[in-house]
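Under this note's numbering, the first residue of the sequence shown carries the number 1, and numbering increases by one thereafter. A short write-up of the structure that comes next.
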Amino acid sequence: ITTDRLDTPAFLSKSQLRDLHQRGHVLGSHSCSHPLRMSHCAPTQLFDEWSRSRRVLEDILGTAVQTASVPGGFYSPQVGQAAALAGLTQLFTSEPTTRSWTIDRCTVHGRFTVYRGMSAADAAALVSSPLRRARQAGLWTAKKLAKQLGGTAYLNVRERLFRRAYAPASP
1 ITTDRLDTPA FLSKSQLRDL HQRGHVLGSH SCSHPLRMSH CAPTQLFDEW
51 SRSRRVLEDI LGTAVQTASV PGGFYSPQVG QAAALAGLTQ LFTSEPTTRS
101 WTIDRCTVHG RFTVYRGMSA ADAAALVSSP LRRARQAGLW TAKKLAKQLG
151 GTAYLNVRER LFRRAYAPAS P
């Protein structure tokens, strides 16, 4: 949950968060402000993003929050260290990998992505086929390189594509 966006148009309200929590969903931090390039933030900003978001969620839910997901897939060891310093114990990246690692008492997990429109058979293939996982990992690595080389230009293109993909359908 990106806590700065709570109770804003097109985002969840605090009461909706409580309802999800009561239904058994695991809710975690996605930072306070969702920085465009989290791995480029200063250590003090990283700590602030994780700790403030965690505190807001704990106040709303009335329980400890120890899980988070890195915004935009911009993970770095400093992002993981700040998450651990803020008391998070489980951190998810966008990197498609089956391995996990620990950084300062915080376990970092990669994840494979099930995309909008992906068939159930294709989603199942991610579980059963090392080749499918390798293909997704290869595409992700190419995207990571594009992010690093493209910087702000990459982010601008990405934003335009998302805007087009999620625009309301014309009548």
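Quick reminder that beta carbons are idealized off the backbone N, C-alpha and C, glycines included.
How would you call residue i, buried or exposed, if buried means at least 16 neighbouring beta carbons within 10 angstroms?
{"i": "S100", "result": "exposed"}
{"i": "T141", "result": "exposed"}
{"i": "Y75", "result": "buried"}
{"i": "T44", "result": "exposed"}
{"i": "T93", "result": "buried"}
{"i": "V114", "result": "exposed"}
{"i": "P77", "result": "exposed"}
{"i": "A68", "result": "buried"}
Tell me the DSSP bridge mates of residue i?
{"i": "W101", "result": "V108"}
Mapping the DSSP letters down to three states, classify residue i as helix, strand or coil.
{"i": "A84", "result": "helix"}
{"i": "Q90", "result": "strand"}
{"i": "A172", "result": "This structure does not reach residue 172, given that the chain is present from 1 up to 171, and the question cannot be answered."}
{"i": "S33", "result": "coil"}
{"i": "S69", "result": "strand"}
{"i": "Y154", "result": "helix"}
{"i": "W6", "result": "Here residue 6 turns out to be Leu, not Trp, going by the sequence shown. L6 falls in the coil class under three-state DSSP."}
{"i": "M38", "result": "helix"}
{"i": "L174", "result": "Here the chain has residues from 1 to 171 only, and residue 174 is not among them."}
{"i": "G138", "result": "helix"}
{"i": "S51", "result": "helix"}
{"i": "R116", "result": "coil"}
{"i": "E159", "result": "helix"}
Assuming the contact rule is C-beta atoms closer than 8 Å, residue i and residue j should be a hit. Round their C-beta distance to whole Å, please.
{"i": "T172", "j": "S31", "result": "Limits of the chain in this structure are 1 at one end and 171 at the other, which puts residue 172 out of reach."}
{"i": "L88", "j": "R54", "result": "7 Å"}
{"i": "L27", "j": "V65", "result": "7 Å"}
{"i": "F47", "j": "L85", "result": "6 Å"}
{"i": "I60", "j": "R18", "result": "7 Å"}
{"i": "G73", "j": "L36", "result": "Between L36 and G73 the Cβ distance is about 11 Å, and since that is not below 8 Å, they are no contact."}
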